[in-house]
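Engineer: First to last, the protein sequences are chains A and B. Under full-length UniProt numbering, read the first sequence as residues 1 to 229, first letter to last. Under full-length UniProt numbering, read the second sequence as residues 1 to 334, first letter to last.
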Amino acid sequence: MIEFRQVTKRYDSDHTALRQVNFGLERGELAFLTGHSGAGKSTLLKLIMVMERPTAGEVIVGGQVLNRLPRRQIPYIRRHIGVVFQNHQLLFDRTVFDNVAMPLEVMGASPRDTGRRVRAALDKVGLLNKEKMNPMQLSGGEQQRVGIARAVVNKPPVLLADEPTGNLDPALSSDIMNLFGQFSQVGVTVLIATHDIALINEMGRRTLTLDHGRLTAAGAPDTGGVSGH
Amino acid sequence: MATDPRRKPEQSRGANRARSAWREQAESYLTHHRKVARDSAQRLWHTPVASLMTWTVMGVALALPVALLLLLTSLQGVSAGWESSARVTAYIDLDVPLEQARELRGEMAADGRVASVELVDRDQALKEFRASSGLEDALDYLEENPLPHTLLVTPEESARSAEGVEALVRFMEGMEGVERVQVDLGWLQRLNAMTDLLARAVWALAILLAAAVVLVIGNTVRLSIESRRDEILVAKLVGGTDGFVRRPFLYTGAWFGLGGGVVALILLQLSLWWLSGPIERLAGLYRSDFSLNGLNFDGALALIIVAMLLGWLGAWVAVKRHLDDMEPGDIAGG
Ligand SMILES: Nc1ncnc2c1ncn2[C@@H]1O[C@H](COP(=O)(O)OP(=O)(O)O)[C@@H](O)[C@H]1O
Ligand SMILES: [Mg+2]
Numbered sequence: 001m002i003e004f005r006q007v008t009k010r011y012d013s014d015h016t017a018l019r020q021v022n023f024g025l026e027r028g029e030l031a032f033l034t035g036h037s038g039a040g041k042s043t044l045l046k047l048i049m050v051m052e053r054p055t056a057g058e059v060i061v062g063g064q065v066l067n068r069l070p071r072r073q074i075p076y077i078r079r080h081i082g083v084v085f086q087n088h089q090l091l092f093d094r095t096v097f098d099n100v101a102m103p104l105e106v107m108g109a110s111p112r113d114t115g116r117r118v119r120a121a122l123d124k125v126g127l128l129n130k131e132k133m134n135p136m137q138l139s140g141g142e143q144q145r146v147g148i149a150r151a152v153v154n155k156p157p158v159l160l161a162d163e164p165t166g167n168l169d170p171a172l173s174s175d176i177m178n179l180f181g182q183f184s185q186v187g188v189t190v191l192i193a194t195h196d197i198a199l200i201n202e203m204g205r206r207t208l209t210l211d212h213g214r215l216t217a218a219g220a221p222d223t224g225g226v227s228g229h
Numbered sequence: 001m002a003t004d005p006r007r008k009p010e011q012s013r014g015a016n017r018a019r020s021a022w023r024e025q026a027e028s029y030l031t032h033h034r035k036v037a038r039d040s041a042q043r044l045w046h047t048p049v050a051s052l053m054t055w056t057v058m059g060v061a062l063a064l065p066v067a068l069l070l071l072l073t074s075l076q077g078v079s080a081g082w083e084s085s086a087r088v089t090a091y092i093d094l095d096v097p098l099e100q101a102r103e104l105r106g107e108m109a110a111d112g113r114v115a116s117v118e119l120v121d122r123d124q125a126l127k128e129f130r131a132s133s134g135l136e137d138a139l140d141y142l143e144e145n146p147l148p149h150t151l152l153v154t155p156e157e158s159a160r161s162a163e164g165v166e167a168l169v170r171f172m173e174g175m176e177g178v179e180r181v182q183v184d185l186g187w188l189q190r191l192n193a194m195t196d197l198l199a200r201a202v203w204a205l206a207i208l209l210a211a212a213v214v215l216v217i218g219n220t221v222r223l224s225i226e227s228r229r230d231e232i233l234v235a236k237l238v239g240g241t242d243g244f245v246r247r248p249f250l251y252t253g254a255w256f257g258l259g260g261g262v263v264a265l266i267l268l269q270l271s272l273w274w275l276s277g278p279i280e281r282l283a284g285l286y287r288s289d290f291s292l293n294g295l296n297f298d299g300a301l302a303l304i305i306v307a308m309l310l311g312w313l314g315a316w317v318a319v320k321r322h323l324d325d326m327e328p329g330d331i332a333g334g
């Protein structure tokens, strides 16, 4: 589903964030991306989102080589990738429902479809009864779950998360991780950047480790997610 | 569950889903446009003072050239009848006696192109000049009357075209005893010549003001883009196309244009009302049929449409410069 071939990313200054990174993730696979701060985790996720372009090498998502993707095609790729960030990026000028509905609105889904799918996503993260609230009224963990609902509302085949549990307590963190586990069970490829080693150990999943932009451990492809399906 | 009542129609629809898919797509596209249009309008409404100021600036900038154009059109309407005031004056050689001048007058009067001829003999002319100029004393020093006999010729209706008058002038210049022929087209013709120049000046002004309007709206929309930065970034993050993120701002521009156009119409109507009294009196003095016409319905509609297009264009400039290169990269977190 996701494949990196000899990917190097150099930012304007001759600072190299990623060096010749190679790995692949199967459909339904859940993997962790770890490494020290500044190791290049966010950069790797941004390359998948086409927020950045690789300096060398190829990034392939869903069989499509992203390097040569024309600018105006980028939105259509992003519709197939859900993202969750530590600073969940919710909009406080609208309700929880409207926040979650954004990916559908962007696609031009009908109001009926939107209602159905937003409620399904909110149900999944256990916030169905909060749809009319403003995200500001929610706790940190709830806000993060709204972010997840938004990321999965249009059933993307790929789900990326950048430090999704960064400022949550351990119990909430493992709740969120279980949620990610459930998505991978239904065939979503999930890649989670985190430096929460305890959590990674608890989950016992494949782990990609970055060190100064180099992939030092990639683990074996682990399709446990779909085999149980 | 909250979605239960919605399930039924969803399933029965399954059979003809393919057929109605494009329809539903088109419908939701329209729904989206309506929603964005309404939402942009509401945003303007929520900041009434700022919006009103922008509308007023735009209204003034639009009303000014339109008012001038209306004035010009009215003037051109008047001068379209300038030929009626055309008069040809023939000055007769000083040494031609009155008898011969009378003969010339008769000759002219017989010409088919001439409606009427008036002979002003030199004594009479001097007397009139003396009375009207106030130079009585100075004139007393003159040994003899410097003024010639004069024929005032009013051309026939059919000869009042530019070519007709010119032919008449040439004919009269060729007459024995006529020294010089002058066409007195009066102030209306001078005005006519000037309206061409004025029209160009007004159009130049209109273009400058339109550019100003585009820049003002562009700047206002830029501020609006800045204030909705988060929303734009999230929309781009979840796969919003450029068209999608631009749309609210283009509508905002068009609404600014609409408001500006309406303010311009109101300003035009007010100044027309304010000026109508004096203009009527002035036109009465000149026995002119001049009247300052306001915009008719088509004109008003055109003004509104142009205003909306300018607003839209201004928004487009802002969107092109400030929105397209906004990338969600920086919200992803280091
Ligand atoms: N937009 C950017 N311009 C220049 N350098 C950047 C940019 N984004 C990240 N970097 C640098 O690239 C390196 C990797 O950053 P990042 O991928 O954010 O690491 P991580 O997410 O693992 O902490 C860091 O040294 C960072 O300073
Ligand atoms: Mg990071």
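Positions of the beta carbon are idealized from the N, C-alpha and C atoms, including for glycine.
Counting only C-beta atoms, is R79/A closer than 9 Å to chain B at any point?
Structural biologist: yes
Engineer: So, with DSSP's three-state summary, where would you put H80/A?
Structural biologist: coil
Engineer: Within the present structure, is the beta-carbon of L12/A separated from the nearest heavy atom of ligand 1 by less than 8 Å?
Structural biologist: Here residue 12/A turns out to be Asp, not Leu, going by the sequence shown. Yes.
Engineer: Of all the CB atoms in chain B, is at least one closer than 9 Å to the CB of S110/A?
Structural biologist: yes
Engineer: Indicate, with yes or no, if ligand 1 has a heavy atom lying under 8 Å from the CB of T43/A.
Structural biologist: T43/A Cβ: within cutoff of ligand 1.
Engineer: Run through DSSP, which three-state label would H56/A get?
Structural biologist: Note on identity: in this sequence residue 56/A is Ala, with His being the wrong assignment. DSSP places A56/A in strand when its eight states are reduced to three.
Engineer: Classify Q143/A as buried or exposed, calling it buried when 16 or more other Cβ atoms lie within 10 Å of its own Cβ.
Structural biologist: buried
Engineer: Give a yes or no on whether the minimum CB-CB distance between D93/A and chain B is below 9 Å.
Structural biologist: yes
Engineer: According to DSSP, is H36/A helix, strand or coil?
Structural biologist: coil
Engineer: Got a sec: which bits of the region 218-251 of chain B sit with their beta carbon under 8 Å from any beta carbon on chain C, in order along the chain?
Structural biologist: Here the protein chains are A and B, and chain C is not one of them.
Engineer: Shorter than 9 Å from the beta carbon of P70/A to some beta carbon of chain B?
Structural biologist: no
Engineer: Please state whether the Cβ-Cβ distance between L119/B and R105/B is less than 9 Å.
Structural biologist: yes
Engineer: Run down chain A in chain order and give the residues with a C-beta less than 9 Å from the C-beta of H32/B.
Structural biologist: E105 and G108
Engineer: Return the chain-ordered list of same chain residues with a C-beta closer than 8 Å to the C-beta of T114/A, the five sequence neighbours on each side being excluded.
Structural biologist: A101, L104 and E105
Engineer: Chain B partners of V59/A, CB-CB under 9 Å?
Structural biologist: Within chain B, no residue comes near V59/A; the closest Cβ sits about 15 Å away, beyond 9 Å.
Engineer: Ignoring anything shorter than 4 residues, give me the alpha helix (DSSP H) runs that lie fully in the region 100-146 of chain A, in order along the chain.
Structural biologist: 111-124
Engineer: May I ask whether a heavy atom of ligand 2 can be found less than 8 Å away from the beta carbon of S37/A?
Structural biologist: yes
Engineer: Given 8 Å as the limit, tell me if D162/A has its C-beta closer than that to any heavy atom belonging to ligand 2.
Structural biologist: yes
Engineer: Just how far apart, CA to CA, sit S51/B and F256/B?
Structural biologist: Distance between the alpha carbons of S51/B and F256/B is about 8 Å.
Engineer: Quick check on the DSSP output: the beta strand (DSSP E) that includes V190/A runs from which residue to which?
Structural biologist: T189 to A193
Engineer: Could you check whether the Cβ of A193/A sits closer than 8 Å to any heavy atom belonging to ligand 1?
Structural biologist: Indeed, a heavy atom of ligand 1 lies less than 8 Å from the Cβ.
Engineer: For the beta strand (DSSP E) that contains residue 378/B, what are its first and last residues?
Structural biologist: The structure shown has nothing for residue 378/B, since chain B only spans 1 to 334.
Engineer: Report, in whole angstroms, the separation of the C-beta atoms of L209/B and A61/B, which I expect to be a contact under 8 Å.
Structural biologist: Between L209/B and A61/B the beta-carbon gap is near 4 Å, inside 8 Å, which marks them as a contact.
Engineer: Just to confirm, does R57/A get its C-beta within under 8 Å of one of the non-hydrogen atoms of ligand 1?
Structural biologist: Per the sequence shown, the amino acid found at residue 57/A is Gly instead of Arg. Because no heavy atom of ligand 1 lies under 8 Å away, the Cβ of G57/A does not count as near it: no.
Engineer: Looking at L210/A and ligand 1, is the gap between the Cβ and the nearest heavy atom below 8 Å?
Structural biologist: yes
Engineer: Three-state secondary structure (DSSP) at L90/A?
Structural biologist: coil
Engineer: Which residue wins for smallest C-alpha separation from L199/A, given the options G219/A, Q185/A and P164/A?
Structural biologist: P164/A
Engineer: Tell me which residues of the region 173-204 of chain A have at least one Cβ-Cβ distance to chain B shorter than 7 Å, keeping chain order.
Structural biologist: Answer in chain order: no residues at all.
Engineer: Mind listing which residues of the region 33-60 of chain B have their C-beta closer than 8 Å to chain A's C-betas, in chain order?
Structural biologist: none
Engineer: List the whole-angstrom C-beta distance separating V202/B from L68/B, where the pair is believed to meet the contact cut-off of C-beta under 8 Å.
Structural biologist: Yes, they are in contact, since the Cβ atoms of V202/B and L68/B sit about 4 Å apart, within 8 Å.
Engineer: Quick one: what's E163/A bridged to in DSSP?
Structural biologist: DSSP lists no partner for E163/A.
Engineer: Using 8 Å as the cut-off, can you tell me whether the region 2-11 of chain A makes contact with the region 39-58 of chain A, which would need three or more C-beta pairs spanning the two stretches below that distance?
Structural biologist: yes
Engineer: Within its chain, find whatever has a CB closer than 6 Å to the CB of E3/A; leave out the 5 residues flanking it on each side and keep chain order.
Structural biologist: G24 and I60
Engineer: Who are the neighbours of Y76/A on chain B, taking C-beta pairs under 9 Å?
Structural biologist: Neighbours of Y76/A on chain B, chain order: G239 and T241.
Engineer: Kindly examine ligand 1 and report whether one of its heavy atoms sits closer than 8 Å to the Cβ of H15/A.
Structural biologist: yes
Engineer: Below 7 Å on C-beta distance, what does M102/A contact in chain B?
Structural biologist: V234, A235 and V238
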